[in-house]
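So for the sequence shown, this note's numbering puts the first residue at -15; every next one is plus one. Note sheet for the following structure.
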Amino acid sequence: MTAGTNAPQDSTYPVPERLQTGKPTPYVTSFDQYKTMWEESVKNPEKFFGDLARDTLSWSKPFQTVLNGSFAQGDVGWFLEGELNACYNCVDRHAIAQPDKVAIIHEGDEIGNVRKITYRELLQEVSRLANVLTSLEVRKGDNIAIYMPMVPEAIFAMLACARVGAVHSVVFAGFSSDSLRDRIQDCGARVVLTADEGRRGGKNIATKRIVDEALKQAPTVEHVLVLRRTGSDIPWTSGRDLWWHEEIEKARPYSPPTNVNAEDPLFLLYTSGSTGTPKGVMHTTGGYLLGAAATVKYIFDYHPNDIHACMADIGWITGHTYLLYGPLLNGATTVVFESTPTYPNPSRFWELIQTHRVTQFYTAPTAIRALRRLGDQWLEGYDLSSLRVIGSVGEPIGGDAWQWYNQMVGKNQCAVVDTYWQTETGSIIVSPLPGATPTKPGSATFPFFGIHPQILDPQTGAVLQGNDVTGVLAISQPWPSMARTVYNNHNRYLDTYLNPYKGFYFTGDGASRDKDGYIWIRGRVDDVINVSGHRLSTAEIESALISHPAVAESAVVGGQDDLTGQCIHAYCTLKPNIENEAGLEKELSLQVRKVIGPFATPKRVYVVADLPKTRSGKIMRRILRKIVNNEQDQLGDISTLADPSVVPMLIDKVHLK
Ligand code: ATP
Ligand code: MG
């Protein structure tokens, strides 16, 4: 492996003034302090996390064993013997201490359609729903499917499951009936919680119809609890379907929480499927909650009175950890956003930040790039001065998008946290800390507490020591919020994460550690391209393309090449109002050559109208790779694509020339 063939961008940004001298003072105020804490956390995880778990969570029965098991055995468990209830930790203890504090701000699809829910109200709502679940004979350990729009009741639903010890499996309500059916079949849910319709971007979405379609082949489901969201006419199966409001009305507004073991499952969640069939990742209660709470405190630097706005849907892990569990565990006010970044116009996020005086804002590179593409005028006149920490997650954020986010949204006064993690890691594992870490645009920087990352040689599995190394990213010791298994398929869990490099958790992502020790995520290992012995990360080539003024988004994949082994194929979309003029593809190719070097010159550049994305906004490079390699008859599962119609368009573009 040649180190440094693709030297990263290297400008370092100090901790912004506001985080150095402003109020509130961050929890960690220097890089040295961070390093000391990190070292303690990895040298003596039992002490570090034992103390943290006692301070952070309320236990109905204390744990005695902090950590048991290992990667080698695939049997990791945390906080054994301990018992607790996730809902009690998120709701009850705050409802008792600060009942009138707003727990949830719901920003509806239409501007001005705002609903606020205090912790007292949240406890009542969740309790009622928990009692309804109990009346439907939902018991500890049962799997419950949730297929709901972004309304507060979706949060009540997740918490109500946790309250009775049931295991929620939230399915993003943009998924098709087939995807929903597969997920319900996989987990054998007995109850589904849904709504008549959803509202998004001014349109109604036929949520209940999709559920009905899915349930034609999901015989385990006995009851469907239907929230009335729009009031439109919907099909009804009597006996099976129940109206949410009718059931709630009969229920008592308090229900005692069911305490569970720290290692009992809290939820199942299917990965986004950008690399293959989705996996039903299982998280347990104690460790997951600790990871969620600790990262909100340290990485978002949450302080009392902050308004935490995570724009992810509850159908993704980011929505689970940073919209619901993490903020509520900290007693925060969390924003539930029902609409889209561009409805009714591309100022929607900025309007939301201004209206609610948001302090922490969290979104994905795909949204940042889309908004950058639409132009800076949409930010003009908005007061974003409440913001302290702005975060990014989901994909590598190229230097250009990072700069735009920092300048236009953060006004150079916010901590930009590029947070690297996965559904399987449960919470963020690599990220700057707002008051402590000097950042480099495009680098997720340093590991969170308890995370010991290693860069391995992909072929031999040897640990690459020191700085200035590139390889695959692995973690060398267990951390509390890691997934414990893949539902009903522990072998797949072992084969995907623990067997590829014995003794390590394998992330599946390529990474470098630069000369200063900063970690740069290079994207999926499958996405690293080897051209004549040069290992190139697709993320870096994409970043070079996006620095061209005409380019909005780009996706780079490797094609087979008899001469060089692999060669580079680059797909680009253009900013609005920019025409695909003759010579542009050539010019973009030269751009890569100029920024990275002649060896990185793409073999082909395709200017296209759109890229294939998962419903969480990730580019499905697997499809792009198959198309350039003439394997379009083997595209695999494309049901998780947001818009499958882009596929034939891309095939034409690549092959009809
Ligand atoms: P599947 O595992 O089914 O293919 P997925 O990996 O897309 O789906 P997620 O768990 O939502 O599902 O995504 C995790 C992946 O997202 C990481 O492995 C990494 O590739 C990418 N990622 C997340 N955050 C970052 C980040 N800050 N920088 C770079 N890459 C990131
Ligand atoms: Mg993954």
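For each residue, glycine too, the CB sits at the ideal point set by N, CA and C.
Just curious, the beta strand (DSSP E) that residue i is in, first and last residue?
i, result
"residue 152", "151 to 154"
"residue 552", "549 to 558"
"residue 207", "207 to 211"
"residue 544", "535 to 545"
"residue 249", "249 to 254"
"residue 187", "187 to 189"
"residue 267", "264 to 268"
"residue 344", "344 to 347"
"residue 504", "503 to 508"
"residue 518", "518 to 521"
The ligand ATP and residue i: does the residue's C-beta get closer than 7 Å to at least one heavy atom of that ligand?
i, result
"residue 377", "yes"
"residue 484", "no"
"residue 374", "no"
"residue 508", "yes"
"residue 286", "no"
"residue 301", "yes"
"residue 428", "yes"
Are the beta-carbon atoms of residue i and residue j separated by less than 8 Å?
i, j, result
"residue 232", "residue 116", "yes"
"residue 390", "residue 377", "no"
"residue 253", "residue 154", "yes"
"residue 342", "residue 323", "no"
"residue 26", "residue 436", "yes"
"residue 66", "residue 277", "no"
"residue 556", "residue 572", "yes"
"residue 445", "residue 485", "yes"
"residue 199", "residue 210", "no"
Using C-beta distances below 6 Å, list every residue in its chain close to residue i, excluding the 5 sequence neighbours before and after it, in chain order.
i, result
"residue 625", "596"
"residue 472", "none"
"residue 108", "237"
"residue 31", "none"
"residue 193", "none"
"residue 527", "382, 383"
"residue -4", "422, 424"
Taking 7 Å as the cut-off, is the CB of residue i close to at least one heavy atom of the ligand MG?
i, result
"residue 255", "yes"
"residue 494", "no"
"residue 397", "no"
"residue 338", "no"
"residue 438", "no"
"residue 616", "no"
"residue 406", "yes"
Please name the residue in the options whose C-alpha comes closest to that of residue i.
i, options, result
"residue 6", "365, 527, 373", "373"
"residue 250", "185, 310, 577, 145", "145"
"residue 314", "601, 619, 41", "41"
"residue 482", "-1, 19, 59", "59"
"residue 279", "588, 463, 599", "463"
"residue 148", "112, 131, 543", "112"
"residue 83", "409, 636, 317", "317"
"residue 494", "505, 301, 87, 217", "505"
"residue 355", "338, 380, 327", "327"
"residue 131", "124, 63, 289, 196", "196"
"residue 426", "497, 469, 443", "497"
"residue 214", "234, 189, 407, 553", "189"
"residue 176", "617, 33, 546, 164", "164"
"residue 91", "128, 68, 120, 134", "134"
Among the residues of its own chain, which have a CB less than 8 Å from the CB of residue i, if the five just before and after it don't count?
i, result
"residue 363", "331, 334, 392, 393"
"residue 420", "-1, 10, 12, 13, 14, 15, 17, 18"
Identify the continuous alpha helix (DSSP H) that holds residue i and give its terminal residues.
i, result
"residue 4", "1 to 5"
"residue 234", "228 to 234"
"residue 602", "Run containing residue 602: none; DSSP gives neither H nor E here."
"residue 58", "Here residue 58 belongs to no alpha helix (DSSP H), and DSSP marks it neither H nor E."
"residue 404", "No alpha helix (DSSP H) contains residue 404, which DSSP labels as neither H nor E."
"residue 157", "Where residue 157 is concerned, there is no enclosing alpha helix (DSSP H), given that its DSSP letter is neither H nor E."
"residue 17", "15 to 27"
"residue 383", "383 to 388"
"residue 489", "Element bounds for residue 489: not the alpha helix (DSSP H) but the beta strand (DSSP E), 489 to 497."
In chain order, what residues of the same chain have a beta carbon less than 7 Å from the beta carbon of residue i, not counting five sequence neighbours either side?
i, result
"residue -13", "Residue placement at residue -13 cannot be trusted, given a pLDDT of 28 that sits under 50; what the coordinates show is reported in the next sentence. Contacts found: 452, 453, 454."
"residue 558", "534, 535, 536, 564, 591"
"residue 73", "41, 42, 273, 313"
"residue 55", "462, 482, 487, 488, 489"
"residue 281", "11, 314"
"residue 162", "623"
"residue 628", "622"
"residue 716", "In this structure the chain extends from -15 to 641, so residue 716 is not present and cannot be described."
"residue 448", "439, 440, 441, 455"
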